[in-house]
Amino acid sequence: MKKIKLNIKLILIFLSIMILIVFISNKVLHSKIESFKNEKYQRVAKELQEQTKILIDEKRNATLAIGMSLSLDTTIKEALRSNNSDLIKLKEFSASLRKNSDFKNVWFQIITKKGNSFYRSWVDKKGDSLLKVRVDVVKLLEKPQIMSTISTGKFDMTFKSMVPIYDNGEFLGIFEVITHFNSIAVKLRKKGIEPVILVDKKYKKQLTKPFTKLFIGDYYVANLNANKKYMGLIEGKTIDHFLYFDKDYHEHKVNNNLITIFRLPDIYGNDMGYFILFKKITSIDMSDIELMKEKTMFYVVFIFILFTAVLYYLINKKFIEEISLKNRSMKILNDNLSKTLKEQQKLQNEKDQQQNILFQQSKMAAMGEMIGNIAHQWRQPIAIIAMWANNIIADIDMDEIENEDLRRYANNITEQTNHLSQTIDDFRNFFIPNKEKTIFTLKSSIDKTMNLLSASFKVNKIEIVEDIEDITITALENELTQAILNIIKNAKDILVTLPVDKRRLLFIDIYKKRDVAILEIKDSGGGVPKDIIDKVFEPYFTTKHKSQGTGIGLYMTESIITKHLSGEVSVQNVEYKYEGESYSGASFKIEIPLV
């Protein structure tokens with residue numbers, strides 16, 4: 006009876022402790038989740054603002070590029086000299102931009118050196134003086150220079166680029182390009198961001214002919230495609246609610262949106278416009294928070310199990326002590342097991358050492374191949390350098406050398422030596438050991454590999470057919486490049502043995518299937534004999550003469566993919582059609598998990 010009361014007391018203490026642990030864990034978990042979420046939203050808000058800034062800079066630069074290009078147009082110069090604006094056909098050019106580019110509403114204006122509007126693409130009005138209404142025109146006429154700004158006029162908030170027009174050193178006037186913010190809004194929407202672009206209320210009076218005709222209170226809406234739902238949300242909450250958050254973002258739980266503001270300053274640093282950016286919270290990757298939840302739950306369960314074990318021990322202490330006495334007889338067996346494990350560890354260490362030796366042999370074999378490839382890559386540049394050097398000597402001998410000729414020869418020689426230097430860098434980078442995972446695209450890895458082999462492939466008339474999806478992975482890039490290089494070199498060695506009348510084809514396909522990046526490399530070399538296809542990934546297995554192959558290339562490829570990249574590699578013989586002709590060959594498939 007006394008023992009039963011003791012056990013009940015222990016159970017009650019245990020339950021009290023567990024309730025306290027669960028309560029504290031829940032508090033800590035909630036606090037951590039909020040902290041993680043705030044950090045995540047802060048990063049996303051900064052990314053949205055940065056993406057907006059990049060798009061604005063790109064549009065400003067593109068607008069300036071159009072202005073600089075068209076300011077050189079001889080037809081415009083002729084029109085200004087002859088005072089005949091009918092020669093100018095910029096409306097057709099604007100329509101072409103609308104059809105074939107992101108510039109949907111481009112306006113052009115040509116201003117004479119006296120400050121009169123010579124041509125406008127958006128209206129037929131011309132001949133009026135701009136000196137009293139355009140301070141920027143007055144400044145530019147006094148000191149002609151390129152000017153690129155964002156400003157608000159009577160029509161809209163726009164990008165404005167003004168470029169002086171010169172003809173044989175004579176200043177003729179100013180070419181002005183005006184573009185709008187709609188294309189930026191379209192690009193943001195494609196990125197899953199809903200923008201509402203506002204112009205500050207202090208500009209309302211001068212917006213006498215608003216381009217979009219959209220307003221929220223006294224704030225002009227500068228993008229035609231602004232989402233009406235979000236405009237209504239802003240109007241309902243008042244604009245000041247959105248413009249003056251106490252942090253970089255606001256979480257709108259009703260509409261499940263993350264909201265942030267990008268402020269567009271004028272030339273004096275004051276707010277001219279605002280990008281109110283909405284992003285669905287469901288589109289934000291919160292997997293790290295879920296992982297943190299799982300870890301916390303794991304610790305809670307672990308503590309629960311631990312306390313349960315302690316309680317069980319206290320209740321059944323006597324029984325456990327009896328079992329403990331019996332367990333002592335197992336000590337000798339455990340000692341023997343420990344000895345066996347040490348021996349197995351020794352064997353494993355020897356195996357790892359052998360693996361490192363194989364890696365070094367693979368690198369040395371690859372280095373031998375690379376020396377041959379360097380010879381291919383250098384042959385043409387060296388021949389070109391020799392040719393230009395001979396030209397210099399010949400011109401000197403004939404006493405016909407000119408400084409311009411020498412400069413041209415030197416520039417060509419410099420260009421070729423830069424190519425030689427780049428070749429050395431490419432091959433050197435391939436052999437740099439790198440055990441740190443980096444973020445890169447599979448296409449870049451393929452490009453690096455093909456750069457190493459391009460000259461050799463060209464000499465052997467091997468055609469490359471690529472179908473590559475742009476996939477980004479995190480892995481050991483140099484090791485993946487080596488694995489790909491081993492497969493491609495193996496295919497090349499087969500293809501060069503084909504008769505000259507047979508097409509030598511190498512296909513490289515990269516695509517994504519669920520959470521796996523797949524890289525397929527196949528050739529037209531006829532395939533691997535059926536009796537050896539299951540052995541191609543074994544160490545020291547080769548079908549080549551011992552002077553041509555070590556038999557470790559494909560073995561190292563299999564080791565890199567499976568052990569270092571957690572992927573899979575396989576090979577099979579395939580038959581296929583290409584450009585109406587039938588071919589057969591070996592197809593290697595590499596599968597690398599993206600998560």
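If you want the numbering used here, it's the 1-based position in the sequence shown plus 5. All C-beta atoms in this analysis are idealised placements derived from N, C-alpha and C, irrespective of residue type, glycine included.
(message) Just to confirm, is the Cβ distance from F267 to A227 under 9 Å?
(response) no
(message) Do T154 and V204 count as a contact pair if the criterion is CB distance below 9 Å?
(response) no
(request) Compute the distance between the beta-carbons of I493 and L447, then report whether it is under 9 Å. (result) no
(message) Using the Cβ count rule (16 or more neighbours within 10 Å means buried), how would you classify F113?
(response) buried
(request) Tell me whether Q150 is buried or exposed, calling it buried when 16 or more other Cβ atoms sit within 10 Å of its Cβ. (result) exposed
(request) Using 10 angstroms around the beta-carbon of Q553, count the other beta-carbons present and answer buried if the total reaches 16, otherwise exposed. (result) Only weak support is given to the placement of Q553: the predicted model assigns it a pLDDT of 39, under 50, and the value that follows is read from those uncertain coordinates. It counts as exposed.
(request) Look at the Cβ atom of Y224, then the Cβ atom of E199, and state whether they are nearer than 9 Å. (result) no
(request) Quick one: measure Cβ to Cβ for K285 and G197, integer angstroms, because I've assumed they're closer than 8 Å. (result) 7 Å
(message) So for D245, helix, strand or coil by DSSP?
(response) helix
(request) My understanding is that I478 touches F445, with C-beta atoms under 8 Å, so please give their C-beta distance in whole angstroms. (result) 7 Å
(request) Let me know the secondary structure DSSP gives F462 once reduced to three states. (result) helix
(request) Look at the Cβ atom of S2, then the Cβ atom of V579, and state whether they are nearer than 9 Å. (result) Within the shown structure, residues of the chain are numbered from 6 to 600, placing residue 2 beyond reach of any answer.
(request) Please go through the stretch 459-498 and give each complete alpha helix (DSSP H) segment of 4 or more residues, from N-terminal end onward. (result) none
(message) Report the CB separation of I116 from V142 in whole angstroms; it is logged as a contact under 8 Å.
(response) 6 Å
(message) Just verifying my parser: in three-state terms, what is the DSSP assignment at H381?
(response) Reliability fails at H381, whose pLDDT of 49 lies under 50, so the model's placement of it is uncertain and the value that follows must be treated cautiously. If DSSP states are grouped into helix, strand and coil, H381 belongs with the helices.
(message) Rounding to the nearest angstrom, what Cα-Cα distance links L102 and V111 in this structure?
(response) 8 Å
(message) Whole angstroms are fine: how far does the CA of S564 sit from the CA of K540?
(response) 14 Å
(request) Whole angstroms is fine: what's the gap from M561's alpha carbon to V201's? (result) 55 Å
(message) Which runs of the alpha helix (DSSP H) at least 4 residues long sit entirely within the stretch 67-149? Give them in chain order.
(response) 79-87, 95-105, 140-147
(message) Tell me the rounded alpha-carbon separation between L282 and F247.
(response) 10 Å
(request) Compare the beta carbon distance of L212 and F160 with 9 Å and say whether it is the shorter of the two. (result) yes
(message) Going by DSSP in three states, R509 sits in which element: helix, strand or coil?
(response) strand
(request) Please report how far the alpha carbon of S90 lies from the alpha carbon of I71, in whole angstroms. (result) 20 Å
(request) Within the same chain, show all residues whose beta-carbon is closer than 6 Å to that of L503, passing over the 5 residues directly before and after it, in chain order. (result) R509
(message) Can you tell me whether Q553 is helix, strand or coil according to DSSP?
(response) Caution applies to Q553, whose pLDDT of 39 falls short of 50 and renders its modelled position unreliable; the value that the coordinates give is listed next. Three-state result, Q553: coil.
(message) Check for me: the beta strand (DSSP E) holding I189 runs from which residue to which?
(response) Segment 187-195 is the alpha helix (DSSP H) holding I189; no beta strand (DSSP E) there.
(request) Report the rounded CA-to-CA distance for R77 versus I499, giving the unit in angstroms. (result) For the sequence presented, residue 77 should be read as Leu rather than Arg. Cα to Cα, the separation comes out at about 56 Å.
(request) Report yes if the C-beta distance between K252 and Q54 is below 9 Å; otherwise report no. (result) no
(message) I need the DSSP call for A227, collapsed to helix, strand or coil.
(response) coil
(request) Would you grab the beta carbon distance between D528 and G590 for me? Rounded to a whole angstrom, and I think it's under 8 Å. (result) 4 Å
(request) Spatial neighbours of G532 within its chain, please: CB distance less than 6 Å, with the 5 preceding and 5 following residues excluded, ordered by chain position. (result) N578, S589, G590, A591
(message) Between which residues of its own chain and V191 is the CB-CB distance below 7 Å, once the five residues before and five after are set aside?
(response) N230
(request) Would you kindly report the start and end of the unbroken beta strand (DSSP E) that includes Y581? (result) 573-583
(message) According to DSSP, is M291 part of a helix, a strand, or is it coil?
(response) coil
(request) May I ask which residues mark the beginning and end of the alpha helix (DSSP H) holding M277? (result) No alpha helix (DSSP H) contains M277, which is instead part of the beta strand (DSSP E) from 276-285.
(message) For a quick check, are the C-beta atoms of K42 and M291 less than 9 Å apart?
(response) yes
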